[in-house]
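Those sequence lines, one after another, are chains A and B. Residue numbers for the first sequence follow our numbering, beginning at 1 and rising by one. Residue numbers for the second sequence follow our numbering, beginning at 1001 and rising by one. Each residue gets a CB set at the ideal place from its N, CA and C atoms; glycine is no exception.
Number of protein chains: 2
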Amino acid sequence: MKAVKASIPKGTRDFGPDQVRKRHFIFHTIRNVFVRYGFQPIETPTMENLTTLTGKYGDEGDQLLFKVLNNGDFLRKADKEALSSLDASALLPSIAKRGLRYDLTVPLARFVVQHQNDIAFPFKRYQIQPVWRADRPQKGRYQEFYQCDADVIGTESLLCEAELVQIYDEVFAKLGIQVNIRLNHRKILEGVAEYCGYPDQTMDISMAIDKLDKFKDGWVGVCRELEERGIPAEAHSKIQEALQADSIETLKSILADSTVGQEGIAELETIGRFLDGYEIQNTLQHDFFLARGLSYYTGCILEVAVNTEASGQKEIRMGSMGGGGRYADLTHMFGLKNMSGVGVSFGAERIYDVMEDLDLFPHDPSAVSQLLLIAMDEESHFYAFHLLRQIRAAGVNAELYPEPVKMKRQMKYANTRQFPYVGIIGEREREEQKIALKNMTTGEQSSLSMEEVIQTMM
Amino acid sequence: MKAVKASIPKGTRDFGPDQVRKRHFIFHTIRNVFVRYGFQPIETPTMENLTTLTGKYGDEGDQLLFKVLNNGDFLRKADKEALSSLDASALLPSIAKRGLRYDLTVPLARFVVQHQNDIAFPFKRYQIQPVWRADRPQKGRYQEFYQCDADVIGTESLLCEAELVQIYDEVFAKLGIQVNIRLNHRKILEGVAEYCGYPDQTMDISMAIDKLDKFKDGWVGVCRELEERGIPAEAHSKIQEALQADSIETLKSILADSTVGQEGIAELETIGRFLDGYEIQNTLQHDFFLARGLSYYTGCILEVAVNTEASGQKEIRMGSMGGGGRYADLTHMFGLKNMSGVGVSFGAERIYDVMEDLDLFPHDPSAVSQLLLIAMDEESHFYAFHLLRQIRAAGVNAELYPEPVKMKRQMKYANTRQFPYVGIIGEREREEQKIALKNMTTGEQSSLSMEEVIQTMM
């Protein structure tokens, strides 16, 4: 067999031990908070039917779906006309019926409809699984990455929104990242559209203000975009006046004539009432400019970003660390109507990068080996193996170098793997029933009994 | 948008909360033992290059690989000749360059070669990830399932084999499944082939004896198979004599003239020496009939199955719960020679089924909600939400029904979700600063302060 070059597809990643442990630390932290708040785990298959996925993420999303070729002779049932005209998109449905999970929301909707008779509603579920997108690989953007979602399905109670704010607050506090949690409401944006005289153009206004951070010239760029979308200059100042309102009270009077605007404000106030007295560990604010993925959300909108001031790291790249909101009709695409849902997502990959940048990952001795035993001769090797069993039984993660080779080679291994302690066993140690324990940080070495070694590791 | 039927591809599964928790209990148990023994985690991408996967699992394996269609206009670079002759296998390389991970061994080999300069050898790695195989779906066989592997790469020390036996022993003891761990050695089978006079037919002999359990007529069937493979009757009794040896001593004298056979025996004896004095919690035996996947393994072979007698469950379906062995040259397929490896795999799906059958999953209160608060009116609902925060802060997984609807509906939810406790809060409870706590198992109800409720949950 000819040797194959060892490589992986572009946009995918291998994770070594240190990375896996850190990634799991993040997942574990998020999961624990989800569970504390009563969210229950589900897992869905990597492959979904393409009929489930297609058309849910817009045309661009459909392009980014990974499609899995049908098994066996996939050309047997292929669309012959599409084949001969080399029409890939026309051919697709006849040769690929499955695709890879693109997000966790559509699978959730599918799951809820498929298992609706087994689910107690309101259904609080969390899901931590990878998703795949055929995005052009670039720095920080991968074709396989994890999403961590929590959603509540089947209730319109604003208690859920309040809990999701608390969840963001608790998770980031536990991770040690200072964040700013921002809240807005789709109905407020609808109210602003009414106020400026273009009630049917909420979407255009939202798309424009969503780019505020992206435009180099800020609000001037937004105005240009509004103009292009058919909203003239005289409306711009009214939009700006409303969105810049310094408090919910001010906004309430600005949007006094908009019923829908008042509804949105009232909902934010109710969320505020739930959170009244809650001692937030991060910062929480209303941001009427917030308009993420609005076509999707129908109620409250949430977004979380690193609070660069509080974290004392001005240079840290901003970017959203998570977001979410309420969608009135999650499951209609699978034929189940009137299932209101609200959810948030954590951007685990960005969280990882920020924690690396800020050196926030804790050292967890229970996840790595504490002790490497080194044997000086074959007899000591067997002897050390029997000691090792008792050391492990006491709860210590420990190893014995698999061969009693030269001490230098074994010590080199100990250094590379960064064992905090090395226990050396030769003829003398065997006779004295001791272990020569070396502290690899200080270099100190002492002759200890096995019990004393275990004690030192604890 | 037309509603799509909510369904998943054949051979795949959704996992609800209870299943996810149980599956993670298994993974968690296995992972903890791996870590105790010094194994380090890696994770590899779901998609590998097809050049990495193809040809590694035999022709049948190649058929069972899931192939991922290239993105965009996949027909643009398609092999036009293969297209016009409708030759699916000839077309494949030009339209699909990636496939889904089929096992964890080939990705490990690829990983070791690709990252060889960053790895400290011997490399003890574990990996717990799903794999995909386009097997015909049937009861108990899925197209997506988890593997849990531990391997040591870069040493020939038999200490590794001894540790893998201990790992099997500890994991199954922790899971509560009584198993029988069987050991054999490829060189013993080679010795038997020499002994019976057909030294070049180790493979044929192994394939035949591997079917001993599958043939209804047992040994008679094996003899028929041997005959078909060109090994005549006079050799059968010699094979049987050797394989049935009641001890390693007996086998040693039977294979006295086989150098390779003696080497295999000596290795099993060394493994025995490492395990000498180890108080095994299951059973461990030599089984010279054991011949799993022999083309792959070059040294020791291990297999684990439920010990039906010890588990007191005669009817439990047998089947392997895991297996492994040593392979002399794991990485040669990627151009790195002389890397000996040894590893074991846990069949998580079968372990799950056995644990369900034997009702072995423990109840873990930290994984589920302990308390549902129920509010009788809107004012109580806000009040309860504030209590909830403090109850959670004390470490209790708790929920508040999101709306203060009729008590009956809230209690129905509590029953369906099987909360052990329900805390009812109405006007009186608010005034008295109490919670009416109902024990859902006994039906008892008592009026308690929040602190007392927390105490009860602990």
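{"Check": "Specify the secondary structure class of A/F111 as computed by DSSP and reduced to three states.", "Outcome": "helix"}
{"Check": "With DSSP collapsed to three states, give me the class of A/S237.", "Outcome": "helix"}
{"Check": "Determine the chain B residues that contact A/T29 at a beta-carbon separation under 9 Å, and present them in chain order.", "Outcome": "Correct list: empty, because the minimum Cβ distance to chain B is about 15 Å."}
{"Check": "Work out the CA separation of B/L1158 and B/F1034 for me, nearest whole Å.", "Outcome": "18 Å"}
{"Check": "According to DSSP, is B/S1447 helix, strand or coil?", "Outcome": "strand"}
{"Check": "At what residues does the alpha helix (DSSP H) containing A/C223 begin and finish?", "Outcome": "219-228"}
{"Check": "Taking CB distances under 8 Å as the criterion, tell me whether A/R389 reaches chain B.", "Outcome": "yes"}
{"Check": "Since A/D210 is in the alpha helix (DSSP H), which residue starts that stretch and which ends it?", "Outcome": "That residue, A/D210, is in no alpha helix (DSSP H); it is neither H nor E in DSSP."}
{"Check": "Check the DSSP bridge columns for B/G1325 and list the partner residues they point to.", "Outcome": "B/I1301, B/G1343"}
{"Check": "In this structure, does DSSP put B/F1172 in helix, strand or coil?", "Outcome": "helix"}
{"Check": "Nearest by alpha-carbon distance to A/R21: which of A/A367, A/N439, A/P404 is it?", "Outcome": "A/A367"}
{"Check": "Looking at chain B, is there any beta carbon in it that lies within less than 8 Å of the beta carbon of A/E263?", "Outcome": "no"}
{"Check": "Just checking: is the beta-carbon of A/M457 within a distance shorter than 8 Å of some beta-carbon in chain B?", "Outcome": "no"}
{"Check": "Indicate whether A/V131 and A/G99 have their beta-carbon atoms separated by less than 8 Å.", "Outcome": "no"}
{"Check": "Given that A/Q114 touches chain B, what residues does it touch there, using C-beta distances under 8 Å?", "Outcome": "A1006, S1007, I1008, D1014"}
{"Check": "Which residues mark the beginning and the end of the beta strand (DSSP E) in which B/L1336 is found?", "Outcome": "Element bounds for B/L1336: n/a, residue is neither H nor E."}
{"Check": "Within the continuous alpha helix (DSSP H) that includes A/F123, where are the two ends?", "Outcome": "Looking at the DSSP string, A/F123 is not in any alpha helix (DSSP H); the run it does join, the beta strand (DSSP E), is 123-132."}
{"Check": "Does the Cβ of B/K1216 have 16 or more other Cβ atoms within 10 Å, making it buried, or fewer, making it exposed?", "Outcome": "exposed"}
{"Check": "Who are the neighbours of B/V1035 on chain A, taking C-beta pairs under 9 Å?", "Outcome": "S366, A367, V368, S369, N397"}
{"Check": "So A/G58 is in the alpha helix (DSSP H); what residue range does that whole segment cover?", "Outcome": "58-64"}
{"Check": "So, are the CB atoms of A/I181 and A/V354 less than 8 Å apart?", "Outcome": "no"}
{"Check": "Assuming contact is defined by CB atoms lying nearer than 8 Å, are A/P122 and A/G154 in contact in what I supplied?", "Outcome": "yes"}
{"Check": "Would you kindly report the start and end of the unbroken beta strand (DSSP E) that includes A/Y195?", "Outcome": "Segment 186-195 is the alpha helix (DSSP H) holding A/Y195; no beta strand (DSSP E) there."}
{"Check": "To the nearest angstrom, how far is it from the Cα of B/Y1037 to the Cα of A/E399?", "Outcome": "6 Å"}
{"Check": "Going by DSSP, what residue range makes up the beta strand (DSSP E) through A/H381?", "Outcome": "First-last for A/H381: 378-393, but that is the alpha helix (DSSP H), not the beta strand (DSSP E)."}
{"Check": "Using the beta-carbon of each residue, which ones in chain B are nearer than 8 Å to A/I503?", "Outcome": "Past the edges of chain A, shown from 1 to 458, lies residue 503 of chain A, and the structure says nothing about it."}
{"Check": "If you pair each beta-carbon of the segment 1069-1078 of chain B with each one of the segment 1041-1049 of chain B, do three or more pairs fall below 8 Å?", "Outcome": "no"}
{"Check": "Using a Cβ-Cβ distance cut-off of 8 Å, determine whether B/R1229 contacts chain A.", "Outcome": "no"}
{"Check": "Would you mind reading off the limits of the beta strand (DSSP E) that contains A/Y146?", "Outcome": "144-153"}
{"Check": "Measure the alpha-carbon distance for A/T54 versus A/I26 and round it to whole angstroms.", "Outcome": "31 Å"}
{"Check": "What residues in the segment 122-140 of chain A have a beta carbon less than 8 Å from any beta carbon of chain B?", "Outcome": "P122, K124, R125, P130, W132, A134"}
{"Check": "Does the segment 329-349 of chain A touch the segment 106-114 of chain A, meaning 3 or more C-beta pairs lie closer than 8 Å?", "Outcome": "yes"}
{"Check": "What does the alpha-carbon distance come out to for the pair A/C223 and B/H1024?", "Outcome": "52 Å"}
{"Check": "For A/L104, which of helix, strand or coil comes out of DSSP?", "Outcome": "coil"}
{"Check": "In the DSSP assignment, what are the bridge partners of A/N180?", "Outcome": "A/T283, A/A305"}
{"Check": "Can you pull the DSSP bridge partners for B/D1435?", "Outcome": "Looking at the sequence shown, residue 1435 of chain B is not Asp but Ile. Note: B/I1435 sits in a beta bridge opposite B/L1448."}
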